[in-house]
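Novice: Just so you know, the sequences run in chain order A and B. Once you know that position 440 of the first sequence is 441 in the working numbering, the rest is easy, because the numbers rise by one and skip nothing. Once you know that position 238 of the second sequence is 242 in the working numbering, the rest is easy, because the numbers rise by one and skip nothing. Quick one: the structure is below, questions incoming.
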Amino acid sequence: MHDKTLAELARGLAAGQWSSRDITTALLDRIERLDPALNSFITVTGDQALQDAEAADEARARGQAGILAGVPLAYKDIFCTEGVRTSCGSRMLDNFIAPYNATVIDKLRQAGTVSLGKTNMDEFAMGSSNENSHYGPVKNPWDHSLVPGGSSGGSAAAVAAGLVPAALGTDTGGSIRQPAAFCGITGLKPTYGRVSRYGMVAYASSLDQGGPLARTAEDCAWLLNVMAGHDARDSTSVSRSVPDYTSELDKPLDGLRIGLPREYFGEGLDEGVASAIRDAIRVYESLGASVIDVSLPHTELAIPTYYVIAPAEASSNLSRYDGVRFGHRCENPETLEDLYKRSRAEGFGEEVKRRILIGTHTLSEGFFDAYYRKAQQVRRLIRQDFLDAFQQVDVLMGPAAPTPAFPLGETADPVQMYLQDIYTIAINLAGIPGISVPAGFVGHRPVGLQILAPHFAEAHLLNVAHAFQQATDWHQRRPDVDSPDPR
Amino acid sequence: MRSHDMQWEAVIGLEVHVQLATQSKIFSGASTAFGADPNSQACAVDLGMPGVLPVLNENAVAMAVRFGLAINAEIPEYSVFERKNYFYPDLPKGYQTSQMAHPIIGRGEVEITHGEGHSKLVRIHHAHLEEDAGKSLHEDYHGMTGIDLNRAGTPLLEIVSEPDMSSAAEASAYLKALHAIVTYLGISDGNMAEGSMRCDVNVSLRPAGSKTLGTRAEIKNVNSFRFVEQAIAFEIERQTDILEDGGQIIQETRLFDPDQGETRSMRLKEEANDYRYFPCPDLLPLMLDSAYVDHQRTLLPELPTEKRHRFITELGLSAYDAGVLVATRPLAEYFEQVHAVCGNAKLAANWVQGDLMGRLNHDNLSVRESPVSATQLGELLLRLEDNTINGKGAKQIFADLWERRGESADELIEARGLRQVTDSGAIESMVDEVIANSPIQVTQYREAPEDKRGKMIGYFVGQVMKLSKGTANPQQVNALLKEKLDALL
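Listed below in structure tokens is the structure:
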């Protein structure tokens, strides 16, 4: 059961091959057995999951079940869930139980899906390795000495290890695509504004976007069908109809023009990753696509731009964690300033503090023009690069990350860590959709192929990704998590 | 007048916060009603809970635009909400959503009038939308502080003037003019006691005739017309004393203490926060096209300045009367309704300003709470106009209406038998009766010198009015008495 895709489980439920209770019980058992080593979950909601599973089974028996009813999911612990702890991977919110659901959670619950729990993550979604969680690092199911990628590493690892068929993540600078690549699964970051951010704890509001992590592009399409759409509670969500993302999955690729940004194949790219990506492109050529060299000239500015804008927004978004109304409060504060200082000093981890300080600095009087305003100008140039490229090609392709998963604890230098996002970060600055699909291995370490499309072209993006998965079996490879020590 | 009043000139600018009368908050659906239990009107958005997002209240935008139109301001097509970052326990998100670089309302102007026909244009620098913070409660918590977030997220329009005022009276007149505009527009209840309108006052002095601005002090959160006058008067005095003594004004924020009638230093400019303004990424820039603005223009009522001009030119009222009557929209509307019913503008103006406002002030009621409706008063004045009753009777009927002894003037006139007697035969027989019954007074009248007789006739008039129970037409009584008494000479 744990090897099945979301679509396969849903079809089996519809055909009466198994019940939601069967699936849920099997996966909860598996979480109990395997997750202590993986640490991919922060909270497992077993009782609620079983109740929801039974409710889904009853609805199905009455003939009232939708296509996803009874399918188990897990949510990155950044999505607020009513009555369940939402920690955001931080000590600051260790005791926080939201009295509301994020909009996407509401939508998925209404579709009858079953939540197994909340997955581990880098604190407040800041990180590229999932080593910044208050609840400890997540292990890569392919090799427990490796990171799963961040910041949606818990979601990626849980899916890769077969603990859940699909999970939600968020992607601010690559946090869905990079862990999907490291864990050998499929992760989709939709267009900014396509999926409501309401109830998703904010890191950098103008970059954050929620999306699915699953085994296949098809599964991502099924989930996006439910998640996408305008939300009156999110002013930046786009009022635009939602297509059926599954309807174009099987369209032929004839005449597809693929752009290869030369900046994505330069210095710093691991040779093994490069070779896997070149092989993947050849698969597309064999399916009738043509390949064109393109340039995204401002690519090298993406990381510095991101590390001005994201921390600036974060420093403001995280101001509310002050120990006054909810979350962590220090013991016996002596003065108001003492309350603020100690609550925040104790509640936040190192990386979060680092980014708050950077953001506070760049927004300060005297630095704003040199940093924030300049970064917004560069951001427009980066976005224009993509718009120009999409004049010539239908999609862009390249690696999701410069290397495969690296060893836990290896990258101590934060700037070195920031370079992990070199191929993903510009996509968030531009607001376009991107997907990472399994495309080979370097040794036993998975490699992700990143595919990018113009704004709101998710249906085409999923079509292109699905075609690759029809032609290859990389997405069907599974880590041997049942052996006591994989690798 | 002290000698230095001739040497120093005050330069005054106001930042006025007007609470907009929306049903819900500027970025959430929570109610804005005043006086509810602490924290009963604060939703997850107002509490700054993780993950929640603001959604702009369109009504607040419409109200701001209507204000802009009322002051002939530029309405930019594009405005931006920014975050003003600082830490305070009653500021839930750690930032206040406000507008800085691109406010919703650009330059405009407000006409003020005060004293004997002084009028002047005060330029408005801009007006912007922002959310209010909550309230810290320091009493009743045994040395701790409670936070009430009911007010958090309440929409405010901050109206920033140019430093165009030069006296406390002008500043107060400006504040009154703004109060009239926002209440006419119905975009604020203007209730200063409940904090619906409060202002920060900037005061500086400069040598008379100089063009350069002096160092200013900012007085925070003054919440009545009177306090504004007092605070400015105190501040001018204080700064004058310092400058006269050869000292220098320091730039600082001060608080006005109404009990002592003085301002006190709160903090120096050096301690000021760096607010780190930046565009709020949760709210898209606000785009207002001309069709929208034109539509808002159609919703504007007649404004106080226009109304005052019309009262003078069309109704023939004095500038003073017109000024009093347009001070608030309810009063102006009350007057207009009285006038519409009775048809005599001066009579209506006299009664509204005299009897009505006198009783309202005496009973501490607003015009909206008046026990006598405008229609009732208008009908009463109509009867005065057509001589159905006399002035004395009208005052009695007004008192009855006030005490709710009847529904209409006509009903009360009948019930009290106050219908004025204008039948000359009836009046003549009453006059004859009084003359016949007053032989002593008649003799006195006849013997009195001519210039005293006019006064003496009053006695006879009083007797006839008494006999008629006040219903006889006094002019007729007067004329007839004079005729009959003079015939006896």
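We treat Cβ as the ideally placed atom computed from N, Cα and C, and that holds for glycine.
1) Helix, strand or coil, according to DSSP, for GLY17 (chain B) in the structure here?
2) Buried or exposed for TYR324 (chain B), please, with buried defined as at least 16 other CB atoms from any protein chain shown within 10 angstroms of its CB.
3) From this set, A:ARG279, A:GLU301, A:THR300, which residue's C-alpha is nearest VAL292 (chain A)'s C-alpha?
4) Give the single residue among A:ILE43, A:THR44, A:SER146, A:LEU14 whose Cα lies nearest to the Cα of HIS445 (chain A).
5) Interface residues of chain A around PRO93 (chain B) at Cβ under 7 Å?
6) Considering only the alpha carbon of each residue, which of B:GLN467, B:PRO54, B:ASP168 lies closest to GLY328 (chain A)?
7) Three-state secondary structure (DSSP) at ALA105 (chain B)?
8) Output yes or no for whether 8 Å exceeds the beta carbon distance between VAL371 (chain B) and LEU335 (chain B).
9) In chain order, what residues of the region 58-91 of chain A put their CB closer than 9 Å to some CB of chain B?
10) In chain A, which residues lie with their C-beta within 7 Å of the C-beta of PRO289 (chain B)?
11) For the beta strand (DSSP E) containing PHE260 (chain B), name the first residue and the last one.
12) Where does VAL207 (chain B) fall in DSSP's three states?
13) So what's LYS190 (chain A) in DSSP terms, helix, strand or just coil?
14) Can you give the Cα-Cα distance for PRO405 (chain A) and SER437 (chain A), rounded to whole angstroms?
15) Quick one: is ARG280 (chain B) near chain A, going by C-beta distance under 8 Å?
16) I need the boundaries of the alpha helix (DSSP H) containing TYR76 (chain A), first residue and last residue.
17) Name the residue from A:CYS221, A:VAL196, A:ARG258 whose alpha carbon lies nearest to the alpha carbon of GLY230 (chain A).
18) Give a yes or no on whether 8 Å exceeds the smallest Cβ distance from VAL84 (chain B) to chain A.
19) Inspect the beta-carbon positions of VAL69 (chain B) and GLN300 (chain B) and report whether they are closer than 8 Å.
20) Return the first residue and the last residue of the alpha helix (DSSP H) that ASP422 (chain A) is part of.
21) Can you find a C-beta in chain A that's less than 8 Å from the C-beta of LYS224 (chain B)?
22) Residues in the region 200-219 of chain A with C-beta within 8 Å of chain B's C-beta atoms, listed in sequence order?
23) Kindly list the residues whose CB is nearer than 8 Å to the CB of GLY98 (chain B), restricted to its own chain and excluding five residues on each side of it in sequence; keep chain order.
24) Pick out the complete beta strand (DSSP E) segments inside the region 431-455 of chain A, 3 residues or longer, and give them in chain order.
25) Verify the CB distance criterion: does PRO100 (chain A) have a CB-CB separation below 8 Å to chain B?
26) If you reduce the DSSP assignment to three classes, tell me which class TYR265 (chain A) lands in.
27) Can you list, in chain order, the residues of its chain whose CB lies under 6 Å from that of ALA131 (chain B), leaving out five sequence neighbours each side?
28) Could you please tell me which residues of the region 347-359 of chain A, in chain order, have their CB closer than 7 Å to any CB of chain B?
29) Quick one: residues in its chain with C-beta nearer than 7 Å to the C-beta of VAL297 (chain B), no 5 flanking neighbours on either side, listed in chain order?
30) Please name the residue, chosen from B:GLU19, B:ALA398, B:ALA483, that lies closest to VAL205 (chain B) on a Cα-to-Cα basis.
31) Under three-state DSSP, which class holds ILE106 (chain A)?
32) Which same chain residues end up closer than 8 Å to GLY432 (chain A) when comparing Cβ atoms and leaving out the 5 residues on each side of it in sequence?
33) Anyone know if the C-beta pair for SER91 (chain A) and PHE349 (chain A) falls short of 8 Å?
34) Taking a cut of 8 Å between CB atoms, which residues from the region 365-386 of chain A lie near chain B?
35) Leaving aside the five residues before and after VAL330 (chain B) along the sequence, list all residues of the same chain whose C-beta is less than 6 Å from its C-beta, in chain order.
36) Under a CB-based cut-off of 8 Å, is PHE97 (chain A) close to chain B?
Specialist: So, to answer that:
1) Here residue 17 (chain B) refers to the residue found at position 13 when the second sequence is read from its first residue. It is a strand residue.
2) Numbered from 1 along the second sequence, position 320 holds the residue referred to as residue 324 (chain B). Burial state of TYR324 (chain B) is exposed, judged by a 10 Å Cβ sphere holding fewer than 16 other Cβ atoms.
3) Taking the first sequence and counting its residues from 1, one reaches residue 292 (chain A) at position 291. Residue A:ARG279 is the option with its Cα nearest to VAL292 (chain A).
4) In the first sequence, counting from the first residue as 1, residue 445 (chain A) sits at position 444. When only C-alpha atoms are compared, the closest one is A:SER146.
5) On the second sequence, position 89 is the one that residue 93 (chain B) refers to. VAL325, LEU337, listed in chain order.
6) Within the first sequence, the letter at position 327 stands for residue 328 (chain A). Measuring from the Cα of GLY328 (chain A), the nearest candidate turns out to be B:PRO54.
7) As a first step, residue 105 (chain B) is located in the second sequence; it is residue number 101 there, counting from the start. ALA105 (chain B) falls in the coil class under three-state DSSP.
8) The residue labelled residue 371 (chain B) in the question sits at position 367 within the second sequence. The residue labelled residue 335 (chain B) in the question sits at position 331 within the second sequence. For VAL371 (chain B) and LEU335 (chain B), yes; Cβs fall inside 8 Å.
9) Of all residues in the region 58-91 of chain A, ILE79, PHE80, CYS81, THR87, CYS89 have a Cβ within less than 9 Å of some Cβ in chain B.
10) As a working mapping, residue 289 (chain B) is identified with position 285 in the second sequence. Going along chain A, no residue has its Cβ under 7 Å from PRO289 (chain B), so there is no contact; the nearest lies around 11 Å.
11) For the purposes of this step, residue 260 (chain B) is taken as residue 256 along the second sequence, with counting starting at 1. Run containing PHE260 (chain B): 256-261, per the beta strand (DSSP E) assignment.
12) As a first step, residue 207 (chain B) must be located in the second sequence, where it is residue number 203. It is a strand residue.
13) If you number the first sequence from 1, residue 190 (chain A) lands on position 189. If DSSP states are grouped into helix, strand and coil, LYS190 (chain A) belongs with the strands.
14) In the first sequence, counting from the first residue as 1, residue 405 (chain A) sits at position 404. In the first sequence, counting from the first residue as 1, residue 437 (chain A) sits at position 436. Using only the alpha carbons, I get a separation of about 13 Å.
15) Walking along the second sequence from the start, residue 280 (chain B) turns up at place 276. By this cut-off, ARG280 (chain B) is an interface position.
16) The residue given as residue 76 (chain A) occupies position 75 in the first sequence. TYR76 (chain A) -> not in any alpha helix (DSSP H); beta strand (DSSP E) instead, spanning 73-77.
17) Indexing the first sequence from 1 puts residue 230 (chain A) at position 229. Out of A:CYS221, A:VAL196, A:ARG258, A:VAL196 has the C-alpha closest to the C-alpha of GLY230 (chain A).
18) Position 80 of the second sequence holds residue 84 (chain B). VAL84 (chain B) does not count as touching chain A.
19) Against the second sequence, residue 69 (chain B) aligns to sequence position 65. Against the second sequence, residue 300 (chain B) aligns to sequence position 296. A contact, by the Cβ cut-off of 8 Å.
20) To locate residue 422 (chain A), count along the first sequence from 1; it is residue 421. Where ASP422 (chain A) is concerned, there is no enclosing alpha helix (DSSP H), given that its DSSP letter is neither H nor E.
21) If you number the second sequence from 1, residue 224 (chain B) lands on position 220. Chain A contact via Cβ: absent.
22) GLY200, MET201, VAL202, ALA203, ALA205, SER206, SER207
23) For the purposes of this step, residue 98 (chain B) is taken as residue 94 along the second sequence, with counting starting at 1. Excluding sequence positions up to five before and after GLY98 (chain B), its CB lies within less than 8 Å of the CB of GLY52, ASN89, TYR90, PHE91, all in the same chain and listed in chain order.
24) Fully enclosed beta strand (DSSP E) runs of 3 or longer: 435-443, 446-453.
25) Residue numbering aside, residue 100 (chain A) sits at position 99 when the first sequence is read from its first letter. By this cut-off, PRO100 (chain A) is an interface position.
26) Here the question's residue 265 (chain A) lines up with position 264 in the first sequence. Residue state, collapsed to three classes: helix.
27) Start at 1 with the first residue of the second sequence, and residue 131 (chain B) comes out as number 127. The answer, listed in chain order, is ILE109, LEU161, ILE163.
28) Legend: CB atoms of the region 347-359 of chain A lying less than 7 Å from CB atoms of chain B are not found in any residue.
29) In the second sequence, residue 297 (chain B) corresponds to position 293, counting from 1. Excluding residues within five positions, the ones whose Cβ falls inside 7 Å are VAL69, ILE79.
30) Translated into the one-based positions of the second sequence, residue 205 (chain B) becomes position 201. Closest by alpha carbon: B:GLU19.
31) Position 105 of the first sequence, counting from 1, holds the residue named residue 106 (chain A). DSSP places ILE106 (chain A) in helix when its eight states are reduced to three.
32) Translated into the one-based positions of the first sequence, residue 432 (chain A) becomes position 431. Answer for GLY432 (chain A): THR192, TYR193, GLY194, ARG384, HIS456, listed in chain order.
33) To locate residue 91 (chain A), count along the first sequence from 1; it is residue 90. To locate residue 349 (chain A), count along the first sequence from 1; it is residue 348. Yes. Within cutoff.
34) SER365, GLU366, PHE369, TYR373
35) Taking the second sequence and counting its residues from 1, the one referred to as residue 330 (chain B) is at position 326. If we look at VAL330 (chain B) and ignore the five residues flanking it on each side, its Cβ neighbours are PRO308, LYS311, ARG312, ALA336.
36) Against the first sequence, residue 97 (chain A) aligns to sequence position 96. Chain B contact via Cβ: present.
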